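Read the structure below first, then the notes.
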Amino acid sequence: MSPIPAKADVVVIGGGPAGSTAANLLAQKGYDVVLLEKTTHPRVTVGESLLPHFWKYLDALGAADDIRDAAFVKKSGGTAVWRGMVRQMRLMDFGYSRPPLHVERGEFDHILLKVAERMGVKVFERVVARKIASNGSQRRVSYGNLETGEEAEITCRFIVDGSGQTGVIANQLGFREFDRDLRFMSVWGYFENGDYAAQGGLVCPMEKRYEIPPTTVQAGIGDWGWCWHIPQKESTSVGLVLALSQQAEFKARGANLEERFLEGCRRAPVVGELLRDATLVPDALYGIRDFAYHPTQLAGEGWYLVGDAAAFVDPINSAGVLTAFYTGSAAAACVDGSLKNESRIDYYTKVYSRLVRPRLTLFRLSALPEGQNTYQEDYQIALKAARLDSAVEQELLMVQTRLTDRSLNLAPLVAIDSGLAYNTHSNRYKENIQLTRLDSDEPFPAPVAGLQSVA
Amino acid sequence: MQATEADIKETVKDYILSEFLPGESPDALDDSTLLITSGVLDSIATVKIVSFLEEKYGIELEAHELSPEYLNTLSDIARLVTARIAPK
């Protein structure tokens, strides 16, 4: 490994999709970019369902061919099992020409980082960013090199923080607020074999996944919780998202985390059936709690927060990686503008907040359980993002949220602005699908209406 | 000589075609094509267009002007830029 330089135009903290995106785009513009990543890729991370508009970001990054060659599982759409009803939607119906994917994030993120390096980014792994400091137009990032034990710093003009949940800058400056409306815990793991749900209510064994594309399944648990089921190349990612009020019951279901998790999955409508003959991959269970937060400030004197380092909500709308691409691209455009004309630094800071804050707010509203929003001003803020999205993206969000009951949170937006595409064509999903096993006329057990909590 | 609205429209059209619609026929864009609300440009593209306008015409825009209200068509953009170049 070459030595870490003492100077750069831009230091990017974190080598996930948000950091890789910002670093890649700035290197393409000819800037000297150093990226510090505290782990070694490929690393374990969750969030595997990608909506088709992510391809436009891959085009800009020069990564579309690399991702295509990785042959991730193509998905066809979504299946929601909610309050006793099964609904399905097909993403092809929205006119996308390239497929949505289910990706192993370890591999996906590693490819993006390697492409960034190819574009000229100087990537250093096992280097942890500690603190930032500012002095006039100069910024400093202090870091620890976990390989050598060396503690040193880099001088730069701009810092892009893509450090994920760690939130180096947000925590140092006290900008992170936890979301009192989204108090959840999540536990997830991976299953081998088992079945998946395809379009037309078809239930298929895993070996058919390249032949008959799977859907992402979301199954409601009680009023608030839900469960995801995402078939990938080798295994299926399954996770439980539970309200903290459901936690006591979850804990009572087994002697250890593995038993509780298996029992929670078994009880989830439809998902429990899909996993009937599946086996849990051992020693690969993960969990987090109280994970939703947002920042009081998104950008400041020479720094930008991107991806999860900025905000995180319930992952129900598969928006995590897209938000990483969006914020990474927006930060790159703003840093580029600021580096070209330093008298406009404040303007670009404002521009970034004006772009990103409404978008985060829109995703937060669309992810919240029904009626659970204590920030009434959010509707006006989210409207700004909704108006900037293309009609097809607006419509897709509405259809996604109608599969579950989260669309009720978006209804006030339509009331404020009837011009939004949210209420056109939003019948692009089928209701009350009867699930049937492939090569059998036998109906799949119907989901139970009015499920109480995990029970 | 000060750029006319027609010059500005032509310059911005060339920029949009080369930057965001490579390979697209110039006929695909006319003065009234809806750039933002129809999805030709996303919100990040509007940031880049404004950076381009600022550099090209030596003007400064406000953050709140990055909206469909001011930037949705080539005509809107030309009107905004002309108003800003005009002697203060």
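Protein chains in written order, with the numbering used here: chain E, 1033 to 1487; chain U, 65 to 152. Cβ coordinates follow ideal geometry from the N, Cα and C atoms, glycine included. Because the structure is a prediction, the values reported are computed rather than measured.
- Here the C-alpha atom of T1328(E) lies approximately 6 Å from the C-alpha atom of R1208(E).
- For A127(U), the C-beta contacts it makes with chain E under 7 Å involve Y1379, K1382, V1383 and R1386, in order along the chain.
- In the three-state scheme derived from DSSP, where H, G and I count as helix and E and B as strand, K1070(E) is classed as coil.
- A Cβ of chain U is located within less than 8 Å of the beta carbon of S1361(E).
- With its beta carbon at least 8 Å from every one in chain E, E69(U) lies outside the interface.
- Of all alpha-carbon atoms in S1166(E), L1435(E) and Y1380(E), the one lying nearest the alpha-carbon of G1116(E) is that of L1435(E).
- Within chain U, the C-beta atoms nearer than 7 Å to that of L1420(E) come from I100 and S107, in chain order.
- The continuous beta strand (DSSP E) containing A1275(E) extends over residues T1268 to A1275.
- The straight-line gap separating the alpha-carbon atoms of E69(U) and Y1380(E) is approximately 26 Å.
- Contact between P1074(E) and H1142(E) is confirmed by a C-beta separation of about 4 Å, below the 8 Å threshold.
- The distance from the Cβ of L1123(E) to that of P1084(E) is about 6 Å, consistent with a contact at the 8 Å cut-off.
- By the CB criterion at 8 Å, E118(U) and E124(U) fall inside the cutoff.
- The straight-line gap separating the alpha-carbon atoms of G1047(E) and L1067(E) is approximately 7 Å.
- Take E1463(E), set aside five residues on each side of it, and the residues of its chain with a beta-carbon closer than 6 Å to its own are R1119, in chain order.
- Taking C-beta atoms as the reference points, L1133(E) and K1107(E) count as a pair closer than 8 Å.
- Neighbours of G1127(E) in chain U, taken as residues whose beta carbon is under 8 Å from its own, are absent, since the nearest beta carbon is some 11 Å off.
- DSSP places P1347(E) in the helix class (H, G or I) of the three-state scheme.
- Along the segment 1398-1430 of chain E, going in chain order, the ones with a CB nearer than 7 Å to a CB of chain U are R1419, L1420, S1422, A1423 and V1424.
- The Cβ atoms of Q1250(E) and A1148(E) do not sit closer than 8 Å to each other.
- Of all residues in the segment 1044-1061 of chain E, none places a beta-carbon less than 7 Å from a beta-carbon of chain U.
- Excluding five sequence positions before and after V1159(E), the CB atoms of its chain that fall closer than 6 Å to its own CB belong to L1068, Y1175 and N1177, given in chain order.
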